[in-house]
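Chemist:
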Amino acid sequence: GAAILAHFINADMFLFYILIIVGVLLPDIDHQNSSINKLFPVTNILPYIFKHRGFFHSVFPPAIIIAIFYVFSHIEYGVYIAIGYLCHLASDCLTKMGVNLLYPFTMIKLRGPIITGTKQETAIGVFAFVVTVIVWIKF
């Protein structure tokens, strides 16, 4: 999906993918063992302040990111990060744990049938990655 979007918006592909990856990692900044917290140890305090799959798993952080980049006249970078962010949230909505996209204003979670950490989750992730690579090569 991201490769198709990059093709249509004429983004520098390397920067586009770097920012997408940052966006994909950001929602788990509230989880102690997340990749983003391993890459940037300064963020390790956030899991003690925010609950996992709380505020950072809502639609508000990507909106804030876009607004910040808009203020600095680089809205496209904020949009790229938000795309990755929202892809992460969408995939988490497919899990049994689910996501409350409007946290803290509602208690409603979108949930799916996938159990995190299983072969099923890995297979879906690999499939999505392969499709993205094929689309990227083709375009």
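Residue numbers (the numbering used here): 105 to 243. All C-beta atoms, glycine included, are put in the ideal place defined by N, C-alpha and C. Since the structure is predicted, the reported quantities are computational estimates derived from the model, not experimental observations.
1. Would you tell me roughly how many angstroms separate the C-alpha atoms of residue 197 and residue 171, rounded to the nearest one?
2. With H, G and I counted as helix, E and B as strand and the rest as coil, what does DSSP make of residue 193?
3. Considering only the alpha carbon of each residue, which of 224, 235, 123 lies closest to residue 173?
4. Using a C-beta cutoff of 8 Å, does residue 174 count as contacting chain B?
5. Do residue 154 and residue 132 have their C-beta atoms closer together than 8 Å?
6. Kindly indicate which residue of 210, 206, 207, 201 has the alpha-carbon position closest to the one of residue 221.
7. Output needed for residue 159: all residues of its chain with C-beta closer than 8 Å, excluding positions within five of it in sequence on either side, in chain order.
8. Under three-state DSSP, which class holds residue 198?
9. Would you call residue 229 buried or exposed, if buried means 16 or more other Cβ atoms sit within 10 Å of its Cβ?
10. Rounded to whole angstroms, what is the Cα-Cα separation between residue 117 and residue 193?
Modeler: Working from what's here:
1. 24 Å
2. helix
3. 123
4. Of the chains in the structure shown, none is chain B; there is only one protein chain.
5. no
6. 201
7. 134, 165, 207, 208
8. coil
9. exposed
10. 22 Å
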